[in-house]
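As given, the protein sequences belong to chains R and A, one line each in that order. For the first sequence, position 319 (counting from the first letter as 1) is numbered 319 according to my numbering, and the numbering increases by one without interruption. For the second sequence, position 212 (counting from the first letter as 1) is numbered 1212 according to my numbering, and the numbering increases by one without interruption. No residue lacks a Cβ here, since even glycine has one placed at the ideal position from N, Cα and C. The structure appears below as structure tokens.
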Amino acid sequence: MTTMTIAKAINEGLRATLDNNPRALLMGEDIGALGGVYRVTDGLLAEFGADRVVDTPLAESGIIGTAIGLALRGYLPVCEIQFDGFVFPGFNQITTQLAKMHARSNGSLTVPVVVRIPYGGGIGSIEHHSESPEALFAHTAGLRIITPSNAHDAYWMTRQAVECQDPVIVFEPKRRYWLKGEVDSDSPGASADPFKAHVLREGTDATVVAYGPLVPVALAAADAAAEDGHSIEVIDLRSISPIDFDTVTASAKKTGRLVVAHEAPTFGGIGGEIAARISERVFHSLEAPVIRVGGFHMPYPVAKVEEDYLPDIDRILEALERSLAY
Amino acid sequence: MGATHLPSTEFDQTAADDQLEAEAEAQLGSPAEPMVQLLAPDGTLGTDPVFSAYADRLDGEKLRGFYADMAKIRRFDVEATALQRQGQLALWVPLTGQEAAQIGSGRASQPQDYIFPTYREHGVALTRNVDLAELLRQFRGVSNGGWNPKDTNFHLYTLVLAAQTPHAVGYAMGIQRDQKLAAAAVAADAAADRPVEPKAAVMVYFGDGASSEGDVHESMVFAASYNAPVVFFCQNNHWAISVPSSVQTRIPLSNRAKGYGFPGIRVDGNDAIAVHAVTEWALEHAREGKGPVLIEAFTYRVGAHTTADDPTKYRESAEETLWRAKDPLDRLEKYLRAQKLADDAFFDQVKADGDELAAYVRKTTYDLETPDIRTAFANTYVEAHPLVAEELAWFEEYSAGFAETPEHSAEPSSPDPDDAATGVAR
């Protein structure tokens, strides 16, 4: 067990990946000498050389597109998109090519490309640097999407994403890059399956589902609710596609009340998908409608007002209050 | 020539076009790239200081092979168009007029090279030994692919314009790394007796329309940055559906290579000998580690963009007539006959072979089996996926409900309704 930040854990996960597989390589803007704008790839160029830690031209479609070609040749490319809001020039390659290659080749081709995207707000940044576009990708069949909330998961999800034969997008909670936690690099333990949700805190009165940057917020909300005598179960979803509906269903059936929280806008989001599925599965067990907590239907607002936009402890508590009132 | 209401194109040699070209040249400070041509439309063979040496490698057998391939793929094109008209194909993308560009370039590739086509490269597919009947699977709506690219190193057709160009560059970057890994393995174990892998390159096709896509630009930037062994083969067939190439570019497309820092060559795309020579040079250049090349094959889409298109809406038939006079098959036939490299018996045999292929393709098309949607469930992901499994299970149950049953039986009651719910969207 070693204590490290999420950023360092990803760095170590990438290092282990490059060490273990000579056909793995990293691609992205400024990931070489600089080590990435968040220093996630710090030191890897010096260790593995420019053929395996590739500073690319500044072109996201080119990054994803060439990664697909490398994968077709038998390589395992891990692409870094510098910020969430800059993935869109590569959106075409991800959705029309990467996601569909296996299906359209009738299973004869695989493209095990990993796309790492730092996402989410709360860092006081300028436009296009604080977005949560995961639902846009989750709607595309052929992709898998995971998001760590702690250092141990960050380490193992990085490695597991590369080992997966399907294309995987790893949304990294950028405002939690410096959150420290214990990492067991010898064994993933309970994190062996990156597509399974974790019940982080058991409760009986209501369930809060969150992922990525909002997991610590959900846990803090549960602590606060406990002071008022409410026993809240907290689930870290971990995987956005596929979603581990079995774990969420079991919890909703038990508590009868479900709140889903994410930074992404509520409309058309992951919370809506969870609400619909859970309503279909255990309608008779629910004591209240599934309540969503998320961003508003607006472009991500300017940094000075992002606190009013981002779901926080009070927003989750307010949702719980509404749920418990039924 | 040309009606005034129609947009002028680069090749119709109007005064306006000449002026455009002159302006472009003035801006460039140098003349436009000359066009490499070896076999003139009248069937006479010219010379070129660089590429005649490559043309000299071609003997009578190879040239007859070029002709036979071009005739075969043209006959195939006619048959596929007929199949579409008869409702057997949803759509067809004809290549007539571009046979020399495709056969000449495809025949210049070697088995270890990897080819990324767009969706009109039926002639290239022929040169890569793809079963032509397999090509029709996509257009009959029974597959989005149809062949395994690993068998022929001929990738699937890509319909999102230019999306395959960065794939080609990435593949070429993979070839570079393979060579380094192989060299390292040899260095680590000099005693081992290893077969020497032939050097490989990648060739990627796109058109004058797709040349405007950002992916072409990004691909050329990446290819130049990493000196990737890739040949960009642009068939300038002059029309992107209804928009002439003059809207895509004001200079010869081959000139764009200069901006990226690698060679660009404009070749007469209706001259199979020149196309073959230029492509062979370019692929050797790439395989030898000298970096990418852009080839612009100057040709013409004699027919429609697809069977859903109507060229009479946007261009003059006189223009088509002009280009039919530059027909790639006619000029090679003239040359073969003049040089006594082929006789009537040869051309009769080619025609008979074409009819045989057409009959085979027609029969095979009728026989193409409609796939089961379960294969789509199976191929969406490589690894097991709970949502796919759940939806497939629902689909099986739903489908079973249409089976003939003697009587409707009452559903068993469950003590807890939520235990019985599968929760799958119906």
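Burial state of residue i (16 or more Cβ within 10 Å)
| i | result |
| --- | --- |
| A/E1280 | buried |
| A/Y1398 | exposed |
| R/N20 | exposed |
| R/K304 | exposed |
| A/P1049 | exposed |
| R/F267 | exposed |
| A/A1352 | exposed |
| R/M1 | exposed |
| R/P77 | buried |
| A/R1194 | exposed |
CA nearest to the CA of residue i, picked from the options
| i | options | result |
| --- | --- | --- |
| R/R314 | R/A303, R/A71, R/Y211, R/G294 | Per the sequence shown, the amino acid found at residue 314 of chain R is Asp instead of Arg. Of the listed residues, the one whose Cα sits closest to R/D314 is R/G294. |
| R/H139 | R/A99, R/P173, R/R116 | R/A99 |
| R/T8 | R/A151, R/D312, R/T204 | For the sequence presented, residue 8 of chain R should be read as Lys rather than Thr. Comparing Cα-Cα distances from R/K8 to each of R/A151, R/D312, R/T204, the minimum goes to R/A151. |
| A/H1217 | R/I63, R/I10, R/T3, R/N21 | R/I63 |
| R/M27 | R/M1, R/A67, R/R175 | R/A67 |
| R/L258 | R/P265, R/L317, R/V53 | R/L317 |
| A/F1154 | A/L1181, A/G1123, A/A1184 | A/G1123 |
| A/Y1314 | A/A1183, A/Q1176, A/S1242 | A/S1242 |
| R/V302 | R/C79, R/D30, R/F83, R/G122 | R/G122 |
| A/R1374 | A/A1187, A/V1388, A/E1383 | A/V1388 |
| A/H1385 | R/G85, R/R144, R/Y119 | R/R144 |
| R/E263 | R/F296, R/I10, R/G36, R/T96 | R/F296 |
| R/A206 | R/P216, R/P213, R/S231 | R/S231 |
Beta-carbon proximity list for residue i, same chain, < 8 Å, skipping 5 on both sides
| i | result |
| --- | --- |
| R/H102 | L109, T110, V111, G142, D166 |
| A/E1134 | G1146, W1147 |
| A/A1090 | Q1084, F1139, R1140, G1141 |
| A/Y1054 | H1276, A1277, V1278, E1280, W1281 |
Pair within 7 Å by beta-carbon distance, residue i and residue j
| i | j | result |
| --- | --- | --- |
| A/Q1179 | A/T1365 | no |
| A/R1287 | A/K1199 | yes |
| R/E233 | R/G256 | no |
| A/V1130 | A/P1371 | no |
| R/A276 | R/Y326 | no |
| A/A1172 | A/F1206 | no |
| A/R1120 | A/L1095 | yes |
| A/Q1098 | A/Q1248 | no |
| R/I274 | R/I240 | no |
| A/K1326 | A/N1270 | yes |
| A/V1231 | A/A1282 | yes |
| R/A218 | R/A261 | yes |
| A/G1354 | A/K1062 | no |
| R/S105 | R/Y119 | no |
| R/A222 | R/R201 | yes |
Beta-carbon proximity list for residue i, same chain, < 6 Å, skipping 5 on both sides
| i | result |
| --- | --- |
| A/R1219 | Correcting the residue type first, residue 1219 of chain A is Ser in the shown sequence and not Arg. Excluding sequence neighbours, A/S1219 sits near T1165, P1166, V1169. |
| A/A1403 | none |
| R/I6 | A151, A154, R176, Y177, L179 |
| A/F1066 | I1103, A1272 |
7 Å CB neighbourhood of residue i in its chain, flanking five on each side removed
| i | result |
| --- | --- |
| A/D1268 | M1035, V1036, Q1037, A1274, F1298 |
| R/M157 | I146, P148, V170, P194 |
| R/V282 | T249, A252, K253 |
| A/L1253 | D1208, S1211, C1234, N1236, E1296 |
Residue i at chain R interface by Cβ criterion, 7 Å
| i | result |
| --- | --- |
| A/L1387 | yes |
| A/M1173 | yes |
| A/T1380 | yes |
| A/R1431 | Outside the shown range of chain A, which is 1001 to 1426, sits residue 1431 of chain A, and nothing can be said about it. |
| A/D1418 | yes |
| A/V1216 | no |
| A/E1383 | yes |
| A/F1262 | no |
| A/A1163 | yes |
Closer than 7 Å to chain A by CB, residue i
| i | result |
| --- | --- |
| R/V170 | no |
| R/T158 | no |
| R/D51 | yes |
| R/N106 | yes |
| R/L76 | no |
| R/K143 | Note on residue identity: the sequence assigns Leu, not Lys, to residue 143 of chain R. No - not a single Cβ of chain A is within 7 Å of the one on R/L143. |
| R/Q165 | yes |
| R/P242 | yes |
| R/L136 | no |
| R/L18 | no |
| R/I81 | no |
Contact test: residue i Cβ vs the ligand ATP heavy atom, cutoff 6 Å
| i | result |
| --- | --- |
| R/T96 | No copy of the ligand ATP appears in this structure; indeed no ligand is present at all. |
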